[in-house]
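**Student:**
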Amino acid sequence: MSSHTPLFLLLLALLSLSAPVLSQQNVTVPCPLNFTILQQFDPGSKRPQMNQNMECQYILQGLRLVDSHYLQLTGNFLPPPNASDSCWSAYQTLADQFVAGFDIRSTCGFDTSWISQGCMNITTKAQFEDLVGQTALRDVVSNCNQSLENNSPCAACTTSLSSLSATYLTGESIGNVSGCTAYPSIYAAAFANPYGPTDHGNAKCFFQLDFTTASSGKKTRTLILIVLVACGFGLLVLIGGIWFSWHKYEDYIFNKRRKAANDRIESGLGNALESISGSTTLVKFTFEEISKATKNFSRDNIIGRGGYGNVYKGTLADGSEVALKRFKNCSAAGDANFAHEVEVIASVRHVNLVALRGYCTATTHLVGHQRIIVCDLMKNGSLHDHLFGTFENKLSWPIRQRIALGTARGLAYLHDGAQPSIIHRDIKANNILLDEDFEAKVADFGLAKFTPEGMTHLSTRVAGTMGYLAPEYALYGQLTEKSDVYSFGVVMLELLSGKKALHVNNDEQPSLVTDWAWSMVREGKALDVIEDMPEKGPPEVLEKYVLVAVLCSHPQLYARPTMDQVVKMLETDLSVPSIPERPIPLVAEIDDIERYSSSGSIQLSSTGGFQTYTFESSLPRDHKGDGESSGSTTEGR
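With mature numbering (1 follows the signal peptide of the UniProt record, and there is no 0) applied, the sequence shown covers -23 to -1, 1 to 614.
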């Protein structure tokens, strides 16, 4: 026994030395983030009233500003993992000063660890710069190295950031706090602009924090404004009288148009609540009926796959063929809201919208809770199938023109004719379906919120597909009807050019079709956007369609037309307004591409701030690119 005593004592000594080290790994350390810098954005008593979702959005963007300040000081994007809890506590203390009783983590759905987890395991400035490369960073600096108080400089800057995210930050993000879409803004606010992240213009542009302050400069501007208003009061009264008369006239025209639009709704109802009072023919199917229609969800009946689940072809008991979208990862808790929304959607009828026939919510012992919607089956599949799928024959110009017009009319109806109005949020070639006469049918409107990523805390999650997302929506979650207009412009460019929204150009470089088309228009080569096709139309008509598509996909929100204006431009002799200048496209170097994959493939993705969409392209020599969207092929059929 005594011969083993020295060894025993040695083991005890080693254990006593290692124990503090092991315990220190789990010790919570003070938060290194300085949340007090957000106090300067407090508008005091003029703080606007916000609902829960808007509060979460401001909290999220405020955290990203603080991360940018931390990056500027330390060269690190994120605090250490053992500071996660203390950082949330510090942020909660600040939040309590402005919104009493608002628990950040539980209310907004943030996990504690997310504050220390980001994009692609990038934690330092050096890692980010090494991944992106100097060429891309120079482009960002050239667009962002100026005052960003006004819309135009800000749009130029954020457009380059959106391109940066789509081209280089192609991996996965953890959580929805500081993901791959947020990293460019966090970096640019810290290093690409001389004023830093706490500048009010930068806070507004990079992080959409638009709180005003009571600074002396602001007071001076307010005093000047008061004097000007007082001096021009008489003029304003006169203008106000004219405006009032014109406004009444506009109301008359608007109400007349809205009435005509409502008359086209088959249910003939005036608002969403009335639309669910038994006026729809929506059927609530049993799970047994759905299972029988799809042959027990046979793999042979799958016609589409996506992040939300699968789409199946099925045949109902009456012999009619339908498409059934089966959502995954559902719970019974949201069924009442789901049923209500589905009823509202079913009441919105238009010749260019896919008709919703029914739905199913059920819980089974073997497969758990189910949510399924049933739509008409489109014989000609999706626009994506014809442009980039297995169809060998190219669409003729008359058919493409019909598809463009039909899609525009369907979206215009969603925005201006439906009550309440509906923003689609995920317009893409997969969601433009074609019936036996190649009439365009917009699918999946109103359903984006029921994808797994969008079931909770909706405003802090971006639903959509990279390449089609408007920059302001992809970067900040700022959603308006103009977001759909941007996506429509991208689809229209795909329809005209045969190029994918995200494709590989002649130089084997990843490119956005919007940037390429703009370069053609800028050089006076609008017709070069049009691919060879049967029965090509008159040059002046083709050029007009190209200009409309480029205007719709303009990165600056204010420059885009409404969908109602788009329909008028496409249907009538109404001319296309001049297209405002836009930033020079971001171009990746082939060396940067090769760094991502030695197998000759590149993944282009966006987290939209909170979720990931991945595209795998084979880097073909052909300039069109022929990669398949791994999460959206024939989605929505």
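We treat Cβ as the ideally placed atom computed from N, Cα and C, and that holds for glycine.
Is the beta carbon of Cys352 sitting closer than 8 Å to the one on Ala313?
**Tutor:** Working through the sequence shown from its first residue, we reach residue 352 at position 375. Working through the sequence shown from its first residue, we reach residue 313 at position 336. No; because the gap between Cβ atoms is not below 8 Å, this pair is not in contact.
**Student:** Which value, in whole angstroms, describes the spacing of the CA atoms of Tyr463 and Thr147?
**Tutor:** Here residue 463 refers to the residue found at position 486 of the sequence shown. Here residue 147 refers to the residue found at position 170 of the sequence shown. Tyr463 and Thr147: Cα-Cα distance of roughly 22 Å.
**Student:** According to the Cβ coordinates, are Trp91 and Val4 closer than 8 Å?
**Tutor:** Here residue 91 refers to the residue found at position 114 when the sequence shown is read from its first residue. Here residue 4 refers to the residue found at position 27 when the sequence shown is read from its first residue. Not closer than 8 Å, so no.
**Student:** Can you check DSSP and say which residues form a bridge with Tyr289?
**Tutor:** Counted from its first residue, the sequence shown places residue 289 at position 312. Paired residues: Ile279 and Leu301.
**Student:** Label Gln347 either buried or exposed according to how many other C-beta atoms from any shown protein chain fall within 10 Å of its C-beta, with 16 as the threshold for buried.
**Tutor:** For this step, residue 347 is matched to residue 370 along the sequence shown. Buried: at least 16 other Cβ atoms inside 10 Å.
**Student:** Taking Leu479 as the reference, which of Ser83, Leu141, Phe422 and Pro56 has the closest Cα?
**Tutor:** The residue labelled residue 479 in the question sits at position 502 within the sequence shown. Taking only the C-alpha atoms, the option nearest Leu479 is Leu141.
**Student:** Leaving aside the five residues before and after Gln17 along the sequence, list all residues of the same chain whose C-beta is less than 6 Å from its C-beta, in chain order.
**Tutor:** In the sequence shown, residue 17 corresponds to position 40, counting from 1. Nothing meets the Cβ criterion.
**Student:** Please identify the residue among Leu524, Gly335, Ser488 and Glu512 whose C-alpha is closest to the C-alpha of Leu504.
**Tutor:** Looking up residue 504 in the sequence shown gives position 527. Answer by Cα proximity: Leu524.
**Student:** Here's a check: name, in chain order, each residue in its chain whose Cβ is nearer than 8 Å to the Cβ of Glu512, leaving out the five neighbours to either side.
**Tutor:** Mapped onto the sequence shown, residue 512 falls at position 535. For Glu512, where only same-chain residues beyond five positions count, the Cβ hits under 8 Å are Ser373, Trp374 and Pro375.
**Student:** Under the rule that 16 or more other beta-carbon atoms within 10 Å means buried, what is Leu551, buried or exposed?
**Tutor:** Against the sequence shown, residue 551 aligns to sequence position 574. Classification for Leu551: exposed.
**Student:** Going by the CB atoms, is the gap between Gly335 and Val419 shorter than 8 Å?
**Tutor:** Counted from its first residue, the sequence shown places residue 419 at position 442. Counted from its first residue, the sequence shown places residue 335 at position 358. No; because the gap between Cβ atoms is not below 8 Å, this pair is not in contact.
**Student:** Taking the alpha carbon of Cys157 as the point to measure from, which residue in Pro171, Met97, Asp277 and Gly173 has its own alpha carbon closest?
**Tutor:** On the sequence shown, residue 157 is found 180 positions in, with the first residue counted as 1. Ranking Pro171, Met97, Asp277 and Gly173 by Cα distance to Cys157 puts Met97 first.
**Student:** Once DSSP output is grouped into helix, strand and coil, what is the label at Gly311?
**Tutor:** The residue given as residue 311 occupies position 334 in the sequence shown. Helix, per DSSP.
**Student:** Can you find at least 3 beta carbon pairs, one from the stretch 390 to 398 and one from the stretch 363 to 372, that sit closer than 8 Å?
**Tutor:** In short, these stretches do not touch, since the Cβ pair count stays below three.
**Student:** Under 8 Å by Cβ, that's how I've got Thr136 and Cys182 pegged, so tell me the actual separation to the nearest angstrom.
**Tutor:** Counting from 1 along the sequence shown, the entry for residue 136 is found at position 159. Counting from 1 along the sequence shown, the entry for residue 182 is found at position 205. Not confirmed; about 11 Å, so no contact.
**Student:** Starting from the Cα of Leu534, find the closest Cα among Glu558, Tyr145 and Glu517 and give me that residue.
**Tutor:** Residue numbering aside, residue 534 sits at position 557 when the sequence shown is read from its first letter. Out of Glu558, Tyr145 and Glu517, Glu558 has the C-alpha closest to the C-alpha of Leu534.
**Student:** Hey, Ser474 and Glu520 are a contact pair by Cβ (cut 8 Å); roughly how many whole angstroms apart?
**Tutor:** Indexing the sequence shown from 1 puts residue 474 at position 497. Indexing the sequence shown from 1 puts residue 520 at position 543. That belief does not hold up - the Cβ atoms of Ser474 and Glu520 are roughly 13 Å apart, past 8 Å.
**Student:** Among Cys337, Gly283 and Asn179, which residue has its Cα nearest to the Cα of His317?
**Tutor:** Taking the sequence shown and counting its residues from 1, one reaches residue 317 at position 340. Among Cys337, Gly283 and Asn179, the Cα nearest to that of His317 belongs to Cys337.
**Student:** At which residues does the beta strand (DSSP E) containing Val481 begin and terminate?
**Tutor:** Taking the first residue of the sequence shown as 1, we reach residue 481 at position 504. From DSSP, the beta strand (DSSP E) with Val481 extends over Leu479 to Val481.
**Student:** Quick test of the definition: if touching needs 3 or more C-beta pairs under 8 Å, does the stretch 33 to 49 touch the stretch 162 to 181?
**Tutor:** A contact exists between the stretch 33 to 49 and the stretch 162 to 181.
**Student:** In terms of residues, what are the limits of the beta strand (DSSP E) holding Gln378?
**Tutor:** Translated into positions along the sequence shown, residue 378 becomes position 401. Per DSSP, Gln378 belongs to no beta strand (DSSP E); it is in the alpha helix (DSSP H), Trp374 to Ala389.
**Student:** When the Cα atoms are used, what is the spatial distance from Ala60 to Val553?
**Tutor:** As a working note, residue 60 is residue 83 in the sequence shown. As a working note, residue 553 is residue 576 in the sequence shown. Taking the straight line joining both Cα atoms gives about 55 Å.
**Student:** If distances are taken between C-alpha atoms only, which option among Gly281, Gly387, Tyr289 and Leu330 comes closest to residue 640?
**Tutor:** This structure does not reach residue 640, given that the chain is present from -23 up to 614, and the question cannot be answered.
**Student:** With DSSP collapsed to three states, give me the class of Ala417.
**Tutor:** Indexing the sequence shown from 1 puts residue 417 at position 440. Of the three classes helix, strand and coil, the one that applies to Ala417 here is strand, per DSSP.
**Student:** If we count Cβ pairs, one from each stretch, closer than 8 Å, do we get three or more for the stretch 376 to 383 versus the stretch 401 to 417?
**Tutor:** Contact between the stretch 376 to 383 and the stretch 401 to 417 is present, because at least three Cβ pairs lie under 8 Å.
**Student:** What are the start and end residues of the alpha helix (DSSP H) that includes Leu547?
**Tutor:** Within the sequence shown, residue 547 is the residue found at index 570, counting from 1. Per DSSP, Leu547 belongs to the alpha helix (DSSP H) from Met540 to Glu548.
**Student:** CA-CA distance, Thr258 and Leu330?
**Tutor:** On the sequence shown, position 281 is the one that residue 258 refers to. On the sequence shown, position 353 is the one that residue 330 refers to. Roughly 16 Å between the two C-alpha positions.
**Student:** What are the complete beta strand (DSSP E) segments, minimum 3 residues, inside the stretch 447 to 529?
**Tutor:** Counting whole runs of 3 or more residues, the stretch 447 to 529 contains the beta strand (DSSP E) stretches 479 to 481 and 487 to 489.
**Student:** So if DSSP puts Ser330 in a beta bridge, which residue, or which two residues, is it bridged to?
**Tutor:** Taking the first residue of the sequence shown as 1, we reach residue 330 at position 353. Looking at the sequence shown, residue 330 is not Ser but Leu. DSSP lists Val419 as partners of Leu330.
**Student:** Measuring only the C-alpha atoms, how far is Val490 from Lys476?
**Tutor:** Translated into the one-based positions of the sequence shown, residue 490 becomes position 513. Translated into the one-based positions of the sequence shown, residue 476 becomes position 499. About 7 Å.
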